[in-house]
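Data block below; observations after.
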Amino acid sequence: MAQHEYDVIIVGSGAGGGMATFQLANAGLRVALVEAGDYYDPADEEQRTQLRYPWESPRRGASTLRRPFGDYNSCIGGWHLDGEPYTMKGTTDFMWWRGRMLGGRTNHWGRIALRFGPLDFKHRDIDGLGENWPIDYDDIKPYYDKLDKLVGVYGSNEGLYNDPDGFFLPAPKPRLHELYYIEGAKKAGVPVYPARKSILTKRINNDRGVCFYCGQCSRACGIHADFSSSTVLIYPALQGGQVDLYTKAMVREVTTDAEGLATGVSYINKEENQEYHLKSRSVVLAASACSSARILLNSKSTQHENGLGNSSDHVGRYLHDSTGASRAAFLPSLMDREIYNEDGVGGMHIYTPWWLQGESLEFTRGYHLEIGGGMGMPSYGFGFAVNQYNEFLGEQVGGYGNQLRDDIRKFYGSRLSIACRGESIAQYQNRCELDPTVVDEWGIPVLRFDYQWTDNEIKQAKHMQDTMEELLTSSGGILLGNKPGADEDYGLTKPGEIIHEVGTTRMGTDPNASVTNEFGQLHDSKNVFIADGGPFVSQADKNPTWTILALAWRQSEYIIEQMMQRNL
Amino acid sequence: MSMDRREYLKTLFLAPLGGSIIASSGKSNAANNISWTPLPKTFSYGRTEPEKQTDAELFAENYFREHELLTIAVLCDIILPNEHPNGGALDAGLPDFVEFMVKDRDQYKLPVRGGVAWLDSYAIEKFGSDFINISEDQQLSICEEIAYPDTENSVLQPGISFFSLMRNFTMTGYYTSEQGFEDLGYVGNTPNVWDGVPDHVLKKHGMEYDAEWLSKCVDQSRKEIIAEWDDDGNLIT
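Printed below as a string of C-alpha cells:
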C-alpha cells in the first residue's frame, strides 16, 4: 500500500470521530478515517436486525458475548472482545464496553440527547469538588444549537436553567404506563417532561426518513431516522470524496518527529495482520476515552517518554462513569390490559431531569430518571417466572398447562421501571494505565483499570433507591425485588457499566493538571486532538454523546482555523 | 419399587439410540409417539462472520442424549399442551429451541442434564420406571408435586428448580414463536404512526392527556414537513 499524506487522520468513527470527519471533510481537508471494526449500514439487508421477529434468531434475541444487549442489538462489540483483554488493579471491578464497527458506540446508545447546563461546567464553584471546565455554557451553546438542527432531537423547551432549551422536534405522546408515572410523579412533587432523544419525529432533511415507531433504535434504523455517527455524519462525508475510510484497522500509536509533533499513525490491518503507517499534518483521536488514552500512553518516544501528551502524568486519570441504579414495579391497574401497538420510539417518551439542585443532601451532584415499561415485543426471557405477580394477588405461583396462557396475558405490559443515571466526582486516583505485562493479540500493551467509587456515589445511590421506591409506589406500583441496602452499595452499578466513561484526557488551562486545552488539543503536541469523551472535566447528570458531538464540532472549527493560519 | 434400580439403569444405558426423534426403547406411553415441529437450522439476520461460525458450531454440537431430549419434549408438552387453537409447545418446536439454548448458554447444561436425571430417579422411586416411561397420569402427579415454587419440601427442591427452568424455557420459547405471538395478540414490530393511547383505553383507565403536554407533541399530519424554528427555538413548521 502506498503511503498517503492526509491533512488529518481521525481514529475512531463514533460520535466524536464522525463529527470531526463530517466537519473537516466538508471544509475540504483530506481525511483518513481509521476504524478498528467493520463497515456497517443498517440499510444493508445483510446487516439488518430491525423489524425482525424473535423467531428469526435461533436464540430469540438473547444476548451473546458478542452482543451483550441481545443478538438483535446493532452494536458489535461488548465487554469482552476476542484477543483484546483488559486488566484490573486490586479490587477494581471496571466494565469496559468497546464498539468495533463503523459508527462505534453510537450504534448502541439510547439516543438520549441532553445538553449540559451552565452549572455542569462550573461545579467546583458550587461544591468545591472536582474541577471546573475551562469553558462555560455560552461557549458550547452555539454548537448545541447547530447540532439540534443538523442531527435532530425531540424534546421540549421548558425554561429549565440547567437543562437548557434548544431546537427540538416535537415529542411523541406518552404511553399508558408513562401516564401512570406522570401522575405518580405529580403526587410525589417530582417534575416530569418529554424526553430528549435524537430520533426524528418530524422530517429534518430529504436524506433521512421520519420515525415509523417500531421502538427499535437499538437495532439501528434502516431509514436513518435515529442518530448514529455512521448514518448521519459518515456516509454523507464519504460521498464528498475527501475521506478515505480504513476499516479493520487497529491503531497502535501516534508517530512523532524530533520536535515531538505527530507525523501520523501506525495501525494493524486486522485482516492481513500487517502493520501500516499513515502520514498526516494532524491527528484526531476519537477512539473513546479509554482507547484514546491507551493510544497516547502507547505512543512513547524520546520526546514523549511517558507517552504522548502525558508529561503531566494525567493521561488516563480522572476516569469517571455515570452512576446508575434501577428498580421496577408491578402495576395492578395495567393487568389484563387491551393490547395495541405502543412500540413508539426506541425507549422512553418522558423523563425526569435532576430536580433537587441547591437542596442540602447527603451527597453532591444529581441524577436523572429514565422511565421504562409497557407492551414491548417478546424476546428471550419473556415469560420467565410467568405468574410471579400472582403472589401479590394471593394466587398460586407456578403450575403448568393452558392456564399459563391466561397468566401471560394478565400480566403483559403491567411493569413500570425506573433507571437512574447520575454524576460521579472525577477522582485523580481513578484511572486507566498501561498494564506493564499484558498485551493484546497484536502485541499492543493493554489497559489496566484502577477505580473505586467514593462515599458520594454510594450515598447518591441510596437516594436513588428511596426516590424510585417513592415514585413507583405513588404511580400505583407494587415494588418488585428487594431494595438493595448498604451491603450492596444500594444497587450502585459498577464503574463502566453505564458506558459513559469520560475524563481520561481532561481539558484545562494548566498543562500540569490537564492533558488538553479547551479545544481538545494536547498541551504537549499541538497537532494532536482528542474528540471523544476524554477531555470532559466532569460528566454531569446527562448522557455524554450530545456534548461529545458539540465539542467535536467546536474543535473542528478550531482545527480549520489553525490550518488556515498555518499553525498546524 | 417394582424394578431393581441397578438393573433398570443398565437397561437405560444399553437402550439403542435410533436416528429418529420418535424412537424410544419401547414401553407404553406418550414418549413413543411424541414428535414436534422441527425448527430451522439456518438463519439469516444480520450476522457477522464470527457469529455465523459460532451458530453453525452450536447447531453441529450434539449435547443431549435422545432420552434427555424426549424427556424435555414430554415436559414442554405438559407445560403448554398442543390442544389449543394456537397450538402448544410441540407445535412451536420447543424441544429444538431448548436444545439450542442449553448449548448456547452452557450454564444450563448441567441443570438440565441433572434435572432429567433427578426426574427419572424420582419416577423410578415412585412408579418404577423413568419419567417418560410412566403413564401420563403418573407424570402429571409428579408435575403436581414440583410445579409450584412455594412448595416447602426439601426432597423436591431439585425437581422444583428444574421444573421452573423448563417452564421458563417453554414459555419464552413459545411466546417468541409465531404461535405465541398469535396467542398473545402482539401487534407491534411493524411501521405505524404512534399518536397516543387510544381514547377508549384512556377512558377505561380514567386518564386524559394534559393539553399543555399535548402542545409539545407531534402533529402527525405535519411530520413530513421539514422542521424549521424561529430564533427562540419555537418550531414554526
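Just so you know, the protein sequences line up as chains A and B, in that order.
Position one of the first sequence corresponds to residue 1304 (our numbering), numbered consecutively onward.
Position one of the second sequence corresponds to residue 187 (our numbering), numbered consecutively onward.
C-beta atoms are modelled at their ideal positions from N, C-alpha and C, and glycine is treated no differently.
Checklist entry - Can you tell me whether Ser1360 of chain A is buried or exposed, with buried defined as 16 or more other CB within 10 angstroms of its CB? => result buried
Next on the checklist: Please report whether the beta-carbon of Asp336 of chain B lies at a distance below 8 Å from any beta-carbon of chain A.
Outcome noted: yes
Checklist entry - How would you write the range of the beta strand (DSSP E) that Thr1655 of chain A sits in, first residue to last? => result Ile1653 to Thr1655
Checklist entry - Mind checking Glu1578 of chain A: buried by the 16 CB within 10 Å criterion, or exposed? => result exposed
Checklist entry - Residues of chain B with a CB under 7 Å from the CB of Phe1470 of chain A: which are they? => result Trp415 and Gly419
Next on the checklist: Do Leu1384 of chain A and Arg1370 of chain A count as a contact pair if the criterion is CB distance below 8 Å?
Outcome noted: no
Next on the checklist: By the DSSP assignment, the alpha helix (DSSP H) with Cys173 of chain B in it spans what residues?
Outcome noted: Outside the shown range of chain B, which is 187 to 423, sits residue 173 of chain B, and nothing can be said about it.
Checklist entry - Should Met1867 of chain A go down as buried or exposed, given a rule of 16 or more other Cβ atoms within 10 Å for buried? => result exposed
Item to check | Through-space distance from Leu1453 of chain A to Asn420 of chain B, alpha-carbon basis | outcome: 16 Å
Next on the checklist: I'd like to know if Pro377 of chain B contacts chain A, where contact means its C-beta is closer than 8 Å to some C-beta of that chain.
Outcome noted: yes
Checklist entry - When we look at the beta-carbon of Pro1475 of chain A and count the other beta-carbons within 10 Å, is it buried (16 or more) or exposed? => result buried
Item to check | Any 3 or more C-beta pairs closer than 8 Å across the segment 1535–1545 of chain A and the segment 1351–1367 of chain A | outcome: no
Checklist entry - So, helix, strand or coil for Cys1517 of chain A, using DSSP? => result coil
Checklist entry - From the DSSP output, which residues share a beta bridge with Val1337 of chain A? => result A:Val1314 and A:Tyr1549
Checklist entry - Is the segment 1513–1520 of chain A close to the segment 1806–1817 of chain A, with three or more CB pairs under 8 Å? => result no
Item to check | For Met1391 of chain A, three-class secondary structure by DSSP | outcome: strand
Checklist entry - Would you call the CB atoms of Ile1313 of chain A and Ala1589 of chain A closer than 8 Å? => result yes
Next on the checklist: Is there a C-beta anywhere in chain A that falls below 8 Å from the one on Phe286 of chain B?
Outcome noted: yes
Next on the checklist: Counting only beta-carbon separations shorter than 8 Å, does Gly1647 of chain A have a partner in chain B?
Outcome noted: yes
Checklist entry - Using CA coordinates, which residue listed in B:Leu261, B:Leu255, B:Asp418 and B:Phe367 is at the minimum distance from Ser350 of chain B? => result B:Leu261
Checklist entry - Who does Leu1629 of chain A pair with in a DSSP beta bridge? => result What sits at residue 1629 of chain A in the sequence shown is Ser, not Leu. Bridge partners of Ser1629 of chain A: A:Ala1722.
Next on the checklist: With a threshold of 8 Å between beta-carbons, can Asp323 of chain B be considered close to chain A, or not?
Outcome noted: no
Item to check | Neighbour-count burial assignment, Tyr1731 of chain A, 16 or more Cβ in a 10 Å radius | outcome: exposed
Checklist entry - Taking the DSSP output, what are the residues bridged to Trp415 of chain B? => result B:Leu421
Checklist entry - Quick one: is Ile1851 of chain A buried, meaning 16 or more other Cβ sit within 10 Å of its Cβ, or exposed? => result buried
Checklist entry - To which residues of the same chain is Asn352 of chain B closer than 6 Å at the C-beta, ignoring the five residues directly before and after it? => result The question names Asn, but residue 352 of chain B is Met in the sequence shown. Around Met352 of chain B: Leu261.
Item to check | the segment 262–295 of chain B: positions lying closer than 7 Å to chain A by Cβ | outcome: Ile264, Ile265, Leu266, Pro267, His270, Phe286, Met287 and Asp290
Checklist entry - How long is the line joining the alpha carbons of Ala1528 of chain A and Pro1345 of chain A, rounded to whole angstroms? => result 11 Å
Item to check | Of the residues A:Gly1364, A:Ala1339 and A:Glu1338, the one placed nearest Arg233 of chain B, counting alpha carbons only | outcome: A:Gly1364
Checklist entry - Is Ser1569 of chain A helix, strand or coil when you go by DSSP? => result strand
Checklist entry - Using a Cβ-Cβ distance under 8 Å, would Phe229 of chain B count as near chain A? => result yes
Next on the checklist: Suppose you measure from the CA of Cys1514 of chain A to the CA of Pro1847 of chain A; what does that come to, to the nearest Å?
Outcome noted: 23 Å
Item to check | Nearest-angstrom Cβ-Cβ length linking Leu1432 of chain A and Thr1667 of chain A, presumed shorter than 8 Å | outcome: 6 Å
Item to check | Proximity winner among A:His1607, A:Trp1358 and A:Tyr1483, relative to Leu1634 of chain A (alpha-carbon distances) | outcome: A:Tyr1483
Checklist entry - Would Tyr1356 of chain A be called buried (16 or more neighbouring beta carbons within 10 Å of its own) or exposed? => result buried
Checklist entry - Taking the alpha carbon of Gly1837 of chain A as the point to measure from, which residue in A:Ala1596, A:Glu1486 and A:Ser1377 has its own alpha carbon closest? => result A:Ala1596
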